[in-house]
Each structure stands twice: as structure tokens, then as C-alpha cells.
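Report on the structure given below.
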Amino acid sequence: MRPLERRPRLVPLVLGAALAAACGAPQPAPSAAPGEAAPVEASAPSAAACLAAANAKRQPRADEPARIGVKHVLVRYAGADRAEGATRTREEACLRAMEARDKIRGGADFDEVVAQYSEEAGAASRGGSLGTVERADVLPPFADAAFELELHQLSDVVETRYGFHVIFRTE
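Heads up, the sequence shown is in the working numbering, so the first residue is 1 and it goes up one at a time.
Here it is as C-alpha cells:
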């Protein structure tokens with residue numbers, strides 16, 4: 001009689017990875033159990049998780065300043081406002097914005113990421129800067145994400161009617 005083969009339990013790993021992905025966290029590639037092939041696409045964030053994170057409800061801070069300085073990356077998609085000529089889907093745009101966010105989190109220069117990813121006219125020449133804004137100057141989802149940030153903090157992906165943003169608070 002063969003002894004029972006013991007395999008590591010993957011349920012906690014899978015649930016933890018799914019929760020982290022839904023929150024927008026970059027995911028390491030999962031390791032396969034001995035003798036099994038590693039899943040090919042399991043480490044890639046899903047579009048559904050990206051969209052959920054981009055549209056997460058945010059609460060205004062009680063102590064938020066009246067004005068803040070912000071920079072951002074904007075990734076547009078077909079059907080978004082002012083996105084003439086955009087061909088990517090909403091899901092592709094969200095994942096592209098997440099990719100830009102992850103590059104910045106990984107240490108890439110913000111201005112270089114803006115030049116590579118942002119699709120806002122003139123964004124590259126000003127490093128994605130919007131200057132100093134009040135909450136009323138920007139759309140509510142953008143304001144909610146930007147005004148919850150601490151100084152020099154990067155947001156998760158945020159969706160507005162113009163596309164997907166990654167926001168950095170400069171002042």
C-alpha cells in the first residue's frame with residue numbers, strides 16, 4: 001500500500017492572492033506544487049480586479065487640505081470622454097494604468113512613466129503635473145483619490161469619465 005501523498009494546501013495562498021489582486025497589489029508568480037506546471041497567467045492581474053480597485057469607494061478625509069499639488073498618468077480607452085482615436089478597451093486601459101503604477105512603485109521615474117504611458121495632451125512636457133487643485137477643480141473620483149493621499153504618496157488606479165489615472169500628490 002502506497003503512503004498518501006501530501007500536497008501543500010494552496011487554498012490560503014489562492015485566497016490571499018485574489019484579495020491582494022482585488023486591492024490592486026502587484027502579485028508575485030505563484031509557485032507550483034512539485035511535479036506540476038506553474039500556471040502561466042495566474043500572476044497577471046485580472047481586468048475585473050483592476051476595474052474593482054479603480055472604482056473603489058473612497059471617503060473624504062476630515063482633515064484634508066483646501067488645495068493640493070498633483071501629477072498624474074492618464075490612460076484613455078475607446079468610448080471615454082475626449083478619447084478620440086483611442087482603440088484599447090476599458091479593461092486594457094485599466095491594466096495599462098496598473099502597469100504604469102507598478103513601474104512607479106518599483107522605482108521608475110514618474111516623469112518617464114508619464115512620457116511612456118500618459119495619453120493626455122502635453123502631459124509629457126509638464127511631467128503629468130496639474131499644478132495645485134481644489135476638490136471642485138477635478139472630477140469627484142479623482143478628487144476623492146487625490147485628497148486622501150499623504151504628501152509624496154501614489155494612488156492606486158482611479159477611473160473617471162476620461163479614463164484611468166494614477167495620481168501622485170506633490171504638495
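Just so it is clear, CB atoms sit at the ideal spot from N, CA and C, and this is done for glycine as well.
query	result
Same chain, Cβ closer than 6 Å to L51, neighbours up to 5 away in sequence not counted	C94
Three-way DSSP call (helix, strand, coil) for V138 in this model	coil
E159 (DSSP reduced to helix, strand or coil)	strand
Beta-ladder partner(s) of F198, from DSSP	Residue 198 lies beyond the residue range present for the chain, which begins at 1 and ends at 171; the question has no answer from this structure.
Same chain, Cβ closer than 7 Å to R126, neighbours up to 5 away in sequence not counted	none
Outcome for D81 when other beta-carbon atoms lying within 10 angstroms are tallied against a minimum of 16	exposed
Identified DSSP bridge partners for G69	T132
One or two residues paired with R96 in a DSSP bridge	Looking at the DSSP assignment, R96 forms no beta bridge with any residue, so it has no partner.
Identified DSSP bridge partners for L151	Partner(s): none; L151 has no beta bridge.
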